[in-house]
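Heads up: the sequence lines are chains A, B and C, in that order.
Each residue of the first sequence is one higher than the one before, counting from 0 in numbering that gives the first Met the number 0.
Each residue of the second sequence is one higher than the one before, counting from 0 in numbering that gives the first Met the number 0.
Each residue of the third sequence is one higher than the one before, counting from 0 in numbering that gives the first Met the number 0.
C-beta: ideal position from N, C-alpha, C; glycine also.
Take a look at the structure set out below.
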Amino acid sequence: MMPMVRFENVTKRFGATVVLDAFDFEAARGEKVVLIGPSGSGKSTLLRMLMTLERIDAGMVMIDGEALWYVRDGADVEPVTQAHLHHMRAKVGMVFQHFNLFPHMTALQNVANAPRHVLGKPKAEAEALAEMLLRKVGLGDKLSSYPARLSGGQQQRVAIARAMAMEPKVMLFDEVTSALDPELVGEVLDVMRALSVERDLTMLIVTHQMGVARALADRVCFFEKGAIVEQGPPEQVIDDPVHARTQSFLRAVRLT
Amino acid sequence: MQIVWEYRQLLLGGVRITLIVTVLAAVVAVLMSFASGLARESRHRILRVPAIIYVELFRGTSLLAQLFWLFFVLPSFGIELPALACGVLAIGLCNGAYGSEIVRGALRSVPRGQREAAIALNYSPAQSFRLIVLPQAARVMAPLFGSLFIEILKASSLVSLITLPDLTFQAKNIILVHLNTTAVLSTVLVVYFVIALFISGGAQRIERALSRGVDHTAG
Amino acid sequence: MEFSFDLLWEILPQLLRATVVTIEATLAGFAISLIVGLVMVSGMRARQRWLRFLSRFAMEFLRATPLLVQVYFLFFVLPGFGITLSPFLTGVTALGLHYGAYAAEAYRAGLESVPRGQWEAAVSLNYSRLAAYRHIVLPQALPPIVPSLGNIAISMLKDTPILAAVTVTELMFVANEIGSERFQYTEPVTAAALIYLVLSLAAAPLINFIDRRLRPEETRA
Ligand SMILES: Nc1ncnc2c1ncn2[C@@H]1O[C@H](COP(=O)(O)OP(=O)(O)OP(=O)(O)O)[C@@H](O)[C@H]1O
Ligand SMILES: [Mg+2]
Numbered sequence: 000m001m002p003m004v005r006f007e008n009v010t011k012r013f014g015a016t017v018v019l020d021a022f023d024f025e026a027a028r029g030e031k032v033v034l035i036g037p038s039g040s041g042k043s044t045l046l047r048m049l050m051t052l053e054r055i056d057a058g059m060v061m062i063d064g065e066a067l068w069y070v071r072d073g074a075d076v077e078p079v080t081q082a083h084l085h086h087m088r089a090k091v092g093m094v095f096q097h098f099n100l101f102p103h104m105t106a107l108q109n110v111a112n113a114p115r116h117v118l119g120k121p122k123a124e125a126e127a128l129a130e131m132l133l134r135k136v137g138l139g140d141k142l143s144s145y146p147a148r149l150s151g152g153q154q155q156r157v158a159i160a161r162a163m164a165m166e167p168k169v170m171l172f173d174e175v176t177s178a179l180d181p182e183l184v185g186e187v188l189d190v191m192r193a194l195s196v197e198r199d200l201t202m203l204i205v206t207h208q209m210g211v212a213r214a215l216a217d218r219v220c221f222f223e224k225g226a227i228v229e230q231g232p233p234e235q236v237i238d239d240p241v242h243a244r245t246q247s248f249l250r251a252v253r254l255t
Numbered sequence: 000m001q002i003v004w005e006y007r008q009l010l011l012g013g014v015r016i017t018l019i020v021t022v023l024a025a026v027v028a029v030l031m032s033f034a035s036g037l038a039r040e041s042r043h044r045i046l047r048v049p050a051i052i053y054v055e056l057f058r059g060t061s062l063l064a065q066l067f068w069l070f071f072v073l074p075s076f077g078i079e080l081p082a083l084a085c086g087v088l089a090i091g092l093c094n095g096a097y098g099s100e101i102v103r104g105a106l107r108s109v110p111r112g113q114r115e116a117a118i119a120l121n122y123s124p125a126q127s128f129r130l131i132v133l134p135q136a137a138r139v140m141a142p143l144f145g146s147l148f149i150e151i152l153k154a155s156s157l158v159s160l161i162t163l164p165d166l167t168f169q170a171k172n173i174i175l176v177h178l179n180t181t182a183v184l185s186t187v188l189v190v191y192f193v194i195a196l197f198i199s200g201g202a203q204r205i206e207r208a209l210s211r212g213v214d215h216t217a218g
Numbered sequence: 000m001e002f003s004f005d006l007l008w009e010i011l012p013q014l015l016r017a018t019v020v021t022i023e024a025t026l027a028g029f030a031i032s033l034i035v036g037l038v039m040v041s042g043m044r045a046r047q048r049w050l051r052f053l054s055r056f057a058m059e060f061l062r063a064t065p066l067l068v069q070v071y072f073l074f075f076v077l078p079g080f081g082i083t084l085s086p087f088l089t090g091v092t093a094l095g096l097h098y099g100a101y102a103a104e105a106y107r108a109g110l111e112s113v114p115r116g117q118w119e120a121a122v123s124l125n126y127s128r129l130a131a132y133r134h135i136v137l138p139q140a141l142p143p144i145v146p147s148l149g150n151i152a153i154s155m156l157k158d159t160p161i162l163a164a165v166t167v168t169e170l171m172f173v174a175n176e177i178g179s180e181r182f183q184y185t186e187p188v189t190a191a192a193l194i195y196l197v198l199s200l201a202a203a204p205l206i207n208f209i210d211r212r213l214r215p216e217e218t219r220a
């Protein structure tokens, strides 16, 4: 079957820093992949490239069988049109570590705004959708609260509802529980676990918390210096890692 | 104080001119602030360079020099503007150069994550600007434009030096005829102060309306 | 219409002499404003409520009313109280008062930028109020104040032409006088505008330099 997400020979640099070098990666439709690895290894960059927040320097990124950037001669990356970006971004949604909720909108408006203005849904329909999603993440009583009035866990649940309202095929989560107080991690994790039963939704999850990895992953990838060192089901990679680097990383994580 | 009452018609007429100059110059300044502020943030050099020249030129030369230039020098190039137009243009252009910084700073104060969230939700660049960036920037701009309008009000007094009969002009005329100057000048200062209070009060109301939800104290 | 460089050359010495007056007025006004600002900000931080209110009011009033009218006020009203100052002193005093209010605001912002925790640490180490200001608070408050004061100095420079209204023979006054004598405004007024541009462009790097000298290592960019 055609993979939902595919990196082929992808290179990404920031000036002299090479983040990814001839990187290959695949995620199947509906697969829940958790990426773990040391700081600076390029996990966020990987997600941000899929969200078109970063460009690639060479190679090919495919989403749902379509190239994210046009590539000529295998090396030159051509500028893509705004229309193509718009088409591709519709397939992908992202939840950020620091929520990035719109502070000037209520929870309901945060979720309803893009369906209304980007998908062109009528106001009533967009708001009904937003209300339904906010109820689903347990925030039915916070519809008219502004983000500043919500706890971190509540803000992150709004952010998840906001991304889901656009009905993406791929959802990207970049350390979405890392900025939360420990007692708030559970409520966000519950929402993500509920999402993970949706069979067709592909999820790429970056985290430092092994509990999150265990709860959600079909497959865990240990990522270092822009390459996947070890991967497999969570029981194997987390509890019984083969590679020495994975072992020392996990020891360090457990200590914190 | 008797003298103020005696000349009330004259002084009120002056207030009228002061308000007209202030409002028109504020309109020019806001337009120029946005035009040059946005142009300076543009990716295109053709927009950036003229905007930078405009800002540096009008911030670097004195407002009074600009005013005199429009009033005394421009006619010798065959362009004779009425005094009101000179005043409005000079004050508006000069303060627009300062307002340019306000617009630029406010746009930059919106965190990058907001634009990234807009991209992730597939907003077009124009939608991202209109729906996400501008409303947040406006909250930052409101009090700063309030201060700019007070600067414009104060600057409007300079039109008295190019024969426009504003409040300052009338006060000066009365002083030249009468010896009792304290009452007239005190009154004029208080009138300017009261107008400034109205301006800052208005700016505060607008800021509060725009901050709904953003700070913890507002509804 | 053409621009006569001969005329420009002829009037340049006069304009440059007037530029000296402009610079003198700016520097004197700036010195006064630094002190006025200090007095006002002390008042705003005083223990007495009425003093705080009065200082605050004076600051708001001076900032919200035109410098030109303030200059007239000093020029026409003070003699009635037996105080007669030269036009130059009148103008410089007005500049100092007007921009003193801006300096007070700059001082206030700088002081408020020092986190409360710094005060609390000073108290916990038993510093006196004065010693806390001197050793803990001011060294941290100063760096953000310096660039604001620099901007104030540049604004003052560009407001010195207002002193022409009470016959101070600064640059704009002289340019205007030449213009009306010869019925030829183009050269003197354009030259004056350019001199202001040169002065304020020159002032910016000077202020940057002072700023860098005064800034402690750790906050340098
Ligand atoms: N905009 C940028 N400019 C320059 N370098 C960057 C930029 N973004 C990331 N990098 C560099 O790229 C490398 C990978 O960064 P990335 O944020 O992807 O790491 P990460 O695995 O997400 O780390 P963390 O666990 O700390 O979030 C790092 O060395 C980082 O310094
Ligand atoms: Mg990261």
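Asked: C-beta contact flag for ASP165/B and THR17/B at 7 angstroms; Found: yes
Asked: Beta-bridge partners of ILE85/B, as assigned by DSSP; Found: According to the sequence provided, residue 85/B is Cys. The question's Ile does not apply to it. Answer by DSSP bridge pairing: none, since CYS85/B is not bridged.
Asked: Cross-strand partners of LEU19/A (DSSP beta bridge); Found: LYS11/A
Asked: Interface residues of the region 61-82 of chain C facing chain B [CB-CB below 8 angstroms]; Found: ARG62, ALA63, THR64, PRO65, LEU66, LEU67, VAL68, GLN69, TYR71, PHE72, PHE75, VAL76 and GLY79
Asked: Neighbouring residues, chain B, relative to THR206/A (Cβ below 9 angstroms); Found: Chain B residues near THR206/A: none, gap ~18 angstroms exceeds 9 angstroms.
Asked: Rounded distance between the beta-carbons of GLY41/A and LEU19/A, thought under 8 angstroms; Found: 6 angstroms
Asked: Local conformation of ILE82/C per DSSP, three classes; Found: coil
Asked: C-beta neighbour in chain B for HIS86/A, strict 7 angstroms; Found: no
Asked: Inter-residue spacing [alpha-carbon to alpha-carbon] between ALA116/B and GLN81/A; Found: 17 angstroms
Asked: First through last residue of the alpha helix (DSSP H) which encompasses LEU160/B; Found: LEU160/B -> no alpha helix (DSSP H), and no H or E assigned at all.
Asked: Three-pair Cβ contact test at 8 angstroms for the region 220-235 of chain A versus the region 53-60 of chain A; Found: no
Asked: Backbone CA spacing between ILE101/B and GLY109/C [nearest angstrom]; Found: 20 angstroms
Asked: Shell residues, 5 angstroms Cβ cut-off relative to heavy atoms of ligand 4; Found: Absence of ligand 4 is noted for the structure shown, with ligand 1 and ligand 2 being the only ligands found.
Asked: Three-state secondary structure assigned by DSSP to MET155/C; Found: helix
Asked: Assigned exposure category for PRO204/C - 16 Cβ within 10 Å defines buried; Found: exposed
Asked: Residues near GLN230/A by beta carbon distance below 8 angstroms, same chain, minus five either side; Found: ARG218, VAL219, CYS220, PHE221 and VAL236
Asked: Buried/exposed call for PHE148/B, threshold 16 Cβ in 10 Å; Found: buried
Asked: Residue nearest to VAL91/A in terms of C-alpha spacing, selected from VAL228/A, ALA15/A and ALA162/A; Found: ALA162/A
Asked: Contact set for MET48/A: own chain, Cβ-Cβ below 7 angstroms, skip 5 residues either direction; Found: LYS11, ILE55 and VAL60
Asked: Contacting residues, own chain, Cβ-Cβ under 6 angstroms from THR216/B (five flanking each side not counted); Found: Legend: pLDDT at THR216/B = 42, less than 50; position of this residue unreliable, value from coordinates given subsequently. Taken in chain order, the list of residues that qualify is empty.
Asked: Beta bridge counterpart(s) of CYS220/A as assigned by DSSP; Found: LEU34/A and GLN230/A
Asked: Rounded separation between LEU143/B and ASN179/B - CA only; Found: 38 angstroms
Asked: DSSP-derived helix/strand/coil call for ASP238/A; Found: helix
Asked: DSSP-derived helix/strand/coil call for GLU206/B; Found: helix
Asked: Nonlocal neighbours in the same chain, by C-beta distance under 6 angstroms from ALA152/C, ignoring five residues either side; Found: PHE29
Asked: Element boundaries [alpha helix (DSSP H), containing ALA168/C]; Found: Before going further, note that residue 168/C is Thr rather than Ala in the sequence given. It is not in any alpha helix (DSSP H) - THR168/C carries neither H nor E in the DSSP assignment.
Asked: The region 58-73 of chain C in contact with the region 166-176 of chain B per 3-pair CB rule at 8 angstroms; Found: yes
Asked: Straight-line gap, PRO167/A to MET93/A (C-alpha atoms, nearest Å); Found: 9 angstroms
Asked: 7 angstroms Cβ cutoff, GLY90/C in contact with chain B; Found: no
Asked: Sequence-distant residues of its chain with Cβ nearer than 7 angstroms to CYS85/B (five each side left out); Found: LEU66, LEU69, PHE70 and ILE161
Asked: Selection from ILE131/B, ALA141/B and LYS153/B that minimises the alpha carbon distance to GLY201/B; Found: ALA141/B
Asked: Buried or exposed by the 16-neighbour rule on C-beta atoms within 10 Å, applied to ARG16/C; Found: exposed
Asked: Three-state secondary structure assigned by DSSP to ARG5/A; Found: strand
Asked: Limits of the beta strand (DSSP E) - the one that GLY58/A falls within; Found: 57-62
Asked: Short Cβ contact (7 angstroms threshold) for LEU198/C with LEU141/C; Found: no
Asked: Bounding residues of the alpha helix (DSSP H) (the contiguous stretch that carries LEU37/C); Found: 4-43
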